[in-house]
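Protein chains in written order, with the numbering used here: chain A, 26 to 352; chain B, 26 to 352.
Heads up: the structure comes next, in structure tokens.
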């Protein structure tokens, strides 16, 4: 009987751990979600992952090709350790080695956004496309690039930090320390911050948004702004207008630089305001170089929260199961 | 006797045609420069090139691997024709076929900036580096990217339009039709335009620059501004301060997106103001993500005006002589 190659894919983020048994066609089962309690420290999180994995492996009738982990942080490409993860609060933390030792299985660790890009490329909106840019617009903004059929890695494994493209060098400060980054205009945290500032400066104009947030200024989030926008609130419209302009400026830069066939937009902000996509598409077609947009499509991401799990799992299947060189 | 593989490299720009006999080690001889008289139309320019090539070939003791042309325009990758060249005034112009027919030799045609990037990568400041970004800051700004040991091409052969990275979406109009492009702040034409505007608005402040230009406002060029800057003229300093900020914003975006090991800066503006490089380097180290700059070097381009000739010639040697797949 033909035994299918499979792997376990894990997406380890600042708020939750997603894992599942992933097949080579991108399908998955035995999905498992756990909260990431970062405050408990790295050892506790690693123990929790190992326990979940052991349970999952016990139920399996054949061994997996390995374990693939997409992790929200900078990964040492050779050691599979974590240089730095602001979301998890980790610094110079060993990871791959410990999992391999505990499970006696090969483990691959990559950045979570790169894992999600692989997922979308192989089994989502990027299927059978050799040139694409994925932009995930959530609380922060991250990205991944496939060019000429290969995912870009960069010299120190950090290519694709597309949220930190400067769109206005006179712009507001970003969490990265620079000013005017795309993320500082259009990331979820920036939208929330901008809304809170505007409400404080003009209580009357901010009333509707404040009401949606139950009267609590600190509860005014990007979601609240999206809700206000849908109800036609002028302040929310003003904020989203800026978000739109920043996203057009940023994506025009990306299209001119990478000349992708597809620009794939995902993440929580896009899920909350899917209508943004057609504005961005129209803006790009108007403002990017014609040569760079002749065949460009702007598409929504397809795999939602599971992109990272699928990408990390399939990376292991392709690399360890099918011996392809991906990274 | 060992016969070295060689090729003819051509750089066909809006003002001049450079060509030379190029060897696989990047050395060249029989350099020939002709003015490009764009007004005479494409047929005359092609005839001139063919005549020069025939002369060069007659002097040779062995046949070349082929002819490589870097051309200032958008090239059809498959046909080797020219979609559009604003500098030459060409539109949908056949090119490769006609040269091949006239010379009975294989011809490869690529964009001139990509040719210069190949030259710098193989035999200039990018030697033995797998991840680099070249930025050529002249009258316009163009670029090329090598990532993971391969030059990026994009879906429709136009990757690397790095001068049209938006650095300030509220910024001045660019020749490309968009606003706030890096080129619209730091390209030679933009520097000249900005200086002319400022002089007209304030004759007293503009006096020194106007004098350098022989009293003619239309002669105030980027070179004039560079000269004024060196003499300590306050207006020139103000303009170059903006140029510097724009270049830092743009290169920070590129470093965060591509994570290169080397950022190579070339072109006439850099040649006129080589001190810009250390400011850009310091700005990047301060503002780009730490993960993207751990091993970054910011270097001046090495091959000057000959980068395109060397790159186009060596592309032919690698591709046709050594059968490597480059593009």
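Glycine is no exception: its CB is placed at the ideal position from the N, C-alpha and C atoms.
Taking 8 angstroms as the CB-CB limit, is residue 312 of chain A close to chain B?
Numbered from 1 along the first chain, position 287 holds the residue referred to as residue 312 of chain A. For residue 312 of chain A, the answer is yes, since a Cβ of chain B falls inside 8 angstroms of its Cβ.
>> Counting only beta-carbon separations shorter than 8 angstroms, does residue 189 of chain B have a partner in chain A?
In response: As a working note, residue 189 of chain B is residue 164 in the second chain. Taking Cβ atoms only, chain A reaches closer than 8 angstroms to residue 189 of chain B, which makes this a yes.
Subject >> Between the CA atoms of residue 301 of chain A and residue 295 of chain A - distance to the nearest angstrom >> reply: Here the question's residue 295 of chain A lines up with position 270 in the first chain. Here the question's residue 301 of chain A lines up with position 276 in the first chain. Each residue's alpha carbon lies about 7 angstroms from the other.
* To do: Starting from the C-beta of residue 148 of chain B, find all residues in its chain whose C-beta is less than 6 angstroms away, skip the five residues before and the five after it, and write them out in chain order.
  => Numbered from its first residue, the second chain carries residue 148 of chain B at position 123. Taken in chain order, the residues that qualify are 51 and 335.
Notebook entry, point to check: Of all the CB atoms in chain B, is at least one closer than 8 angstroms to the CB of residue 166 of chain A?
Noted result: For the purposes of this step, residue 166 of chain A is taken as the residue at position 141 of the first chain. No, residue 166 of chain A lies away from the interface with chain B (no Cβ there is under 8 angstroms from its Cβ).
If you check the beta carbons only, do residue 2 of chain A and residue 134 of chain A fall under 8 angstroms apart?
-> With chain A represented from 26 up to 352, any question about residue 2 of chain A goes unanswered, as that position is not in the structure.
Problem - Where the segment 142 to 176 of chain B meets chain A: residues whose CB sits under 7 angstroms from a CB there - result: 156, 172, 173 and 175
Item to complete: Please state if the CB of residue 90 of chain A and the CB of residue 346 of chain A are separated by a distance shorter than 8 angstroms.
Response: Position 321 of the first chain, counting from 1, holds the residue named residue 346 of chain A. Position 65 of the first chain, counting from 1, holds the residue named residue 90 of chain A. Result yes, Cβ atoms of residue 346 of chain A and residue 90 of chain A sit closer than 8 angstroms.
Those residues which DSSP pairs with residue 36 of chain A across a bridge:
Residue 36 of chain A sits at position 11 when you count from the first residue of the first chain. Per DSSP, A:43 and A:95.
Residues of its chain near residue 122 of chain A, where Cβ-Cβ distance is below 8 angstroms and the 5 sequence neighbours each way are ignored: Against the first chain, residue 122 of chain A aligns to sequence position 97. Closer than 8 angstroms at Cβ, skipping near neighbours: 104, 105 and 106.
Evaluate residue 108 of chain B with the Cβ neighbour count: other Cβ atoms within 10 Å of its Cβ, from every protein chain shown; 16 or more gives buried, anything less gives exposed.
For the purposes of this step, residue 108 of chain B is taken as residue 83 along the second chain, with counting starting at 1. A residue is called buried once 16 or more other Cβ atoms fall within 10 Å of its Cβ, and residue 108 of chain B is buried on that count.
Quiz item: Given a limit of 9 angstroms on CB to CB distance, which residues of the segment 93 to 111 of chain B reach chain A?
Solution: 99, 108 and 109
Closest residue to residue 37 of chain A among A:142, A:74 and A:157 (Cα-Cα distance): As a position in the first chain, residue 37 of chain A is number 12, starting the count at 1. Out of A:142, A:74 and A:157, A:74 has the C-alpha closest to the C-alpha of residue 37 of chain A.
Quiz item: Taking the alpha-carbon positions, what's the residue 259 of chain A to residue 193 of chain B distance?
Solution: On the first chain, residue 259 of chain A is found 234 positions in, with the first residue counted as 1. On the second chain, residue 193 of chain B is found 168 positions in, with the first residue counted as 1. In a straight line, the C-alpha of residue 259 of chain A is about 25 angstroms away from that of residue 193 of chain B.
To test your reading of the DSSP string, which unbroken alpha helix (DSSP H) runs of 4 or more residues are found completely within the segment 299 to 347 of chain B? Taking only runs of at least 4 residues, the alpha helix (DSSP H) segments lying wholly in the segment 299 to 347 of chain B are 301 to 312, 315 to 318 and 332 to 341.
Exercise. With a CB to CB cut of under 6 angstroms and the five nearest residues on each side skipped, what residues in its chain are close to residue 26 of chain B?
Worked result: By 1-based counting over the second chain, the position of residue 26 of chain B is 1. The pLDDT assigned to residue 26 of chain B is 45, lower than 50, so where the model puts this residue is not dependable; a value taken from the coordinates is nonetheless given after this. Same-chain partners within the cutoff: there are none.
Reduced DSSP secondary structure (H/G/I, E/B, other) of residue 194 of chain A | Taking the first residue of the first chain as position 1, residue 194 of chain A is located at position 169. Note: residue 194 of chain A maps to coil in three-state DSSP.
### Message
Counting C-beta neighbours from all protein chains within 10 Å, is the total for residue 137 of chain B 16 or more, i.e. buried, or is it exposed?
### Response
Indexing the second chain from 1 puts residue 137 of chain B at position 112. With 16 or more Cβ atoms within 10 Å of its Cβ, residue 137 of chain B is classed as buried.
message = Looking only at its chain, what residues have a beta carbon closer than 7 angstroms to the beta carbon of residue 314 of chain A, apart from the 5 residues adjacent to it on each side?
response = Stepping through the first chain from its first residue, residue 314 of chain A is reached at position 289. Cβ within range, chain order: 281.
Min CB distance residue 292 of chain B to chain A below 8 angstroms
In the second chain, the residue the question calls residue 292 of chain B occupies position 267. Residue 292 of chain B does not count as touching chain A.
Cβ of residue 194 of chain A within 8 angstroms of any chain B Cβ
Counting from one through the first chain, the residue named residue 194 of chain A turns up at place 169. Taking Cβ atoms only, chain B reaches closer than 8 angstroms to residue 194 of chain A, which makes this a yes.
- Task: Would you please verify whether the beta carbon of residue 26 of chain B is less than 8 angstroms from any beta carbon of chain A?
- Result: The count along the second chain starts at 1 and reaches residue 26 of chain B at position 1. Bear in mind that the predicted position of residue 26 of chain B carries a pLDDT of just 45, short of 50, making it too unreliable to give a figure here.
My guess is that residue 333 of chain A and residue 144 of chain A are in contact by the Cβ rule of under 8 angstroms, so how many angstroms apart are they, rounded? Against the first chain, residue 333 of chain A aligns to sequence position 308. Against the first chain, residue 144 of chain A aligns to sequence position 119. Their Cβ separation, rounded to whole angstroms, is 6 angstroms, which keeps residue 333 of chain A and residue 144 of chain A in contact under 8 angstroms.
Practice item. Helix, strand or coil for residue 118 of chain B, going by three-state DSSP, please let me know. Key: Translated into positions along the second chain, residue 118 of chain B becomes position 93. Residue state, collapsed to three classes: strand.
**Message:** Starting from residue 66 of chain A, trace the beta strand (DSSP E) in both directions and tell me its first and last residue.
**Reply:** On the first chain, position 41 is the one that residue 66 of chain A refers to. Residue 66 of chain A -> no beta strand (DSSP E), and no H or E assigned at all.
- prompt: With which residues is residue 59 of chain B paired in a DSSP beta bridge?
  reply: To locate residue 59 of chain B, count along the second chain from 1; it is residue 34. When beta bridges are read from the DSSP output, residue 59 of chain B appears opposite B:42.
**Message:** Please identify the residue among A:186, A:111, A:246 and A:180 whose C-alpha is closest to the C-alpha of residue 142 of chain A.
**Reply:** Position 117 of the first chain, counting from 1, holds the residue named residue 142 of chain A. For residue 142 of chain A, the nearest C-alpha among the options comes from A:186.
Checklist entry - Got a sec? Which residues, its chain only, sit under 7 angstroms from residue 237 of chain A by beta carbon, not counting five neighbours each side? => result Reading the first chain from its first residue, position 212 is the one you call residue 237 of chain A. Result list for residue 237 of chain A: 249, 252 and 253, in chain order.
How long is the line joining the alpha carbons of residue 290 of chain A and residue 178 of chain B, rounded to whole angstroms?
Taking the first residue of the first chain as 1, we reach residue 290 of chain A at position 265. Taking the first residue of the second chain as 1, we reach residue 178 of chain B at position 153. Their Cα atoms are separated by approximately 22 angstroms.
Less than 8 angstroms separating the beta-carbons of residue 242 of chain B and residue 224 of chain B?
Your numbering for residue 242 of chain B matches position 217 in the second chain. Your numbering for residue 224 of chain B matches position 199 in the second chain. The answer is yes: Cβ separation under 8 angstroms.
Requested in this report: Could you check if residue 33 of chain A is buried or exposed, using at least 16 other CB atoms within 10 Å of its CB as the buried criterion?
Outcome: Here residue 33 of chain A refers to the residue found at position 8 when the first chain is read from its first residue. Buried, by the Cβ-count rule.
- Message: Along the segment 250 to 278 of chain A, where does the CB come closer than 8 angstroms to a CB of chain B? Name the residues.
- Response: Against chain B - using a Cβ distance shorter than 8 angstroms - the residues of the segment 250 to 278 of chain A are 270, 271, 273, 274, 275, 277 and 278.
Would you mind working out which of B:268, B:79, B:151 and B:140 sits nearest residue 130 of chain B, comparing C-alpha positions?
Working through the second chain from its first residue, we reach residue 130 of chain B at position 105. When each option's Cα is compared against that of residue 130 of chain B, the closest is B:79.
(message) One question on the structure: do residue 151 of chain B and residue 160 of chain B come within less than 8 angstroms of each other, judged by their Cβ atoms?
(response) On the second chain, position 126 is the one that residue 151 of chain B refers to. On the second chain, position 135 is the one that residue 160 of chain B refers to. No, they are not a contact pair.
In its own chain, which residues sit with a C-beta less than 7 angstroms from the C-beta of residue 196 of chain A, not counting the 5 before and 5 after it?
By one-based count along the first chain, residue 196 of chain A stands at place 171. Here residue 196 of chain A has 204, 205, 209 and 210 as same chain residues with Cβ atoms under 7 angstroms from its own Cβ, once five neighbours each way along the sequence are excluded.
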